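Residues 0 to 148, numbered by numbering that gives the first Met the number 0, are exactly what the sequence shown covers, in order. Glycine included, each C-beta is placed from N, C-alpha and C at the ideal position. Quantities reported herein were computed from a predicted structural model and do not represent experimental measurements.
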Amino acid sequence: MTLNEIAWSFSSKVYRSSEEFNEAVSNYQKTIYKTDQNWKPDEIVFDFPELQIQYEAWISDASQLLENETLIDEEDAFDEDNSDEGMYQVEILSHLKADNGRNFTALEFLFKTHNQQANKELGDHTFFEGTDENNLTTVLPTFFIACGS
Numbered sequence: 000m001t002l003n004e005i006a007w008s009f010s011s012k013v014y015r016s017s018e019e020f021n022e023a024v025s026n027y028q029k030t031i032y033k034t035d036q037n038w039k040p041d042e043i044v045f046d047f048p049e050l051q052i053q054y055e056a057w058i059s060d061a062s063q064l065l066e067n068e069t070l071i072d073e074e075d076a077f078d079e080d081n082s083d084e085g086m087y088q089v090e091i092l093s094h095l096k097a098d099n100g101r102n103f104t105a106l107e108f109l110f111k112t113h114n115q116q117a118n119k120e121l122g123d124h125t126f127f128e129g130t131d132e133n134n135l136t137t138v139l140p141t142f143f144i145a146c147g148s
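This is the structure in structure tokens:
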């Protein structure tokens, strides 16, 4: 798992700058671990110019998907069996591009991952537990965002 020693809690807050986000992550590390020594924002964590993240969320309809997102199982996503009070649990793929066109640092990856999910309901699973490489058959490397409660 990548970044599995980093504590973070996803929320609905959209961070406008990576500097603001970096400060929030650093402070969160200090709150949880009493130190931020494991948070290395400039460390390259994915040596790809583009990748996909996969995560679970609850959405009311497809309008909540961002421009760079698709549903993994679009046919059954809004099936009545998958509904709970008008919300549907779905698996989402988000296409991310590295700002430098080469690779993702820990800061850029977590910043983009956080903001990608900010407009969605994550239920009880808001605590970041790292990433796992996914075995989806796609052109781009795909990483599952592991979250716990």
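Check                                                                                                                                            : Outcome
Hey, how far is the Cα of ALA97 from the Cα of TYR87?                                                                                            : 30 Å
For THR130, is the classification buried or exposed, using 16 other Cβ atoms within 10 angstroms of its Cβ as the cut-off for buried?            : buried
Whose C-alpha, out of ALA56, GLU66, LEU139, GLN51, is nearest the C-alpha of PHE77?                                                              : ALA56
If you reduce the DSSP assignment to three classes, tell me which class HIS124 lands in.                                                         : coil
I'd like the list of long-range same chain contacts for GLU49, defined as Cβ closer than 8 Å, with 5 residues on each side in sequence excluded. : HIS94, LEU95, LYS96, ALA97, LEU139
For a test of the three-state rule: what should DSSP assign to GLU68, helix, strand or coil?                                                     : strand
Comparing C-alpha positions only, which one of GLU120, ASN114, ALA145 sits nearest to VAL13?                                                     : ASN114
Cβ of PRO40 within 9 Å of Cβ of ALA145?                                                                                                          : no
Pick from GLY85, PHE126, ASN3: whose alpha carbon is nearest that of SER11?                                                                      : PHE126
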